[in-house]
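Taking our numbering as reference, the numbering of the sequence shown is continuous, increasing by one, and the terminal residue is 423.
We put the CB at the ideal spot given by N, CA and C, even for glycine.
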Amino acid sequence: MLKVKEIKIEDLNPKEFIKEKIEEIFSIVGGGLAINALSGGVDSSAVTLLGHRALRERLKTYFIENGLMRQDEPQKVVALFKKFGVPVIIVDARKEFFGALKGITDPEEKREGITSAFYKDVFGKLVIKSKAKYLLQGTNYTDIEETLAGIKRQHNILEQLGIDTQKQYGYKVIEPLVRLRKTGVRKIAEVLGLPKEIYNRPPFPGPALSARVIGEVTSERIDTVRKATKIVEEELCRTKAFQYLAILHEDRVTGIRDGKRDFGLQIEVRCWDSKDAKVGSPTKLSFGTLQKLAGRITKEVPGVVSVTYNITAKPPSTIEAV
Ligand code: XMP
């Protein structure tokens with residue numbers, strides 16, 4: 102059973118919501134310290150600004166460099182928030198995350214590995230170091246719904262799964278956006294003054310590119326999917342699609358390169374029409390667009406000999422592959 106009640110977009114008064122949340126964060130944290138992780142997505146960006154307005158320098162904002170993010174992401178995010186007067190500290194946690202993912206191929210085990218690396222190893226240490234008692238995070242209504250339905254364990258669901266963060270990790274979690282779906286969060290981000298490139302940004306999963314690698318997640322395999330992601334985003338950002346992504350498959354297939362057999366990698370492209378990620382259908386991309394994607398990916402991403410397009414709806418597919 103969901104403990105929180107959804108605020109539907111038609112019932113949302115953004116200004117009032119923002120005012121309420123700032124007051125709520127201020128009253129919970131009191132004179133103490135809070136920390137939060139900013140990934141540059143719309144949820145964590147909105148939470149960062151809410152927290153900053155409520156707590157100013159009593160909020161410490163970190164960008165966790167887990168090695169799983171898109172190209173140039175840490176620098177871009179830090180530069181953007183500097184403009185809002187929010188200092189962002191980059192924490193190098195690549196060792197912890199790749200260590201937690203080593204040898205794991207099962208999707209739910211991967212998600213568990215990420216959750217534990219994030220909340221226990223990385224944040225556990227940061228909390229002790231900073232002496233903060235609260236972690237602010239951008240969990241939304243859909244995250245909880247899908248986790249409780251047993252579809253996917255979203256990386257940020259804790260309390261709703263019966264995890265006592267105070268007991269297990271040593272801090273409490275505050276989730277100001279938990280009653281909103283993505284469209285509501287976008288509205289809040291816009292009214293908070295964030296730029297369109299943030300409030301309109303396609304969703305990106307918490308486990309980052311590891312949600313797009315089938316089989317073991319290694320830094321080499323992340324590098325492959327990162328390069329393919331960049332091409333997919335460049336080619337599809339002008340579509341009106343809800344989300345578009347590249348997935349690296351585990352199986353290899355026979356291809357030909359320079360007249361020789363090349364037992365190479367496969368990339369699957371997905372592009373979704375959806376309102377709130379709950380259900381979705383594949384975007385009817387033109388064949389020319391698909392061919393251009395295949396051409397660029399096989400030319401620019403080392404080792405790839407095959408590109409496919411997912412034509413399945415959600416359900417039974419899900420948006421990410423893991
Ligand atoms: P799925 O793959 O479950 O994704 O159809 C639904 C939406 O959620 C995003 N997603 C996540 N977001 N933590 C997040 O914050 C996660 O663990 C996670 N997994 C998937 C996904 O990109 C899509 O928009």
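Within the chosen limit of 7 Å, the ligand XMP reaches the beta carbon of R212 through at least one heavy atom.
Rounded to whole angstroms, the gap between the alpha carbons of F224 and L134 is 14 Å. Taking L366 as the centre and dropping the five residues before and after it, the same chain places the C-beta of G404, V405 closer than 6 Å to its C-beta, in chain order.
When distances are taken from the beta-carbon of G307 to the heavy atoms of the ligand XMP, the shortest one is below 7 Å.
For the pair I205 and E317, the CB atoms are nearer than the 8 Å cut-off.
One Cα belongs to P277, the other to K234, and the distance between them is close to 16 Å. Per the C-alpha coordinates, the member of E117, A138, A155, P115 positioned closest to I123 is A155.
In the three-state DSSP reduction, R302 falls in the coil class, being neither helix nor strand.
When DSSP reads this structure, F164 sits in a beta bridge with I191.
Listed in chain order, the non-local C-beta contacts of P383 below 8 Å within the same chain comprise R371, C372, W373, D374, Y410, N411, I412, T413, A414, local neighbours out to five positions each way being set aside.
Residue nearest to K226 within the set V333, D193, P175 is D193 (criterion: CA-CA distance). Secondary structure of I315 (DSSP, three-state): coil. For the stretch 206 to 258, the continuous beta strand (DSSP E) assignments of 3+ residues that do not extend past its boundaries occur at 235 to 237, in sequence order.
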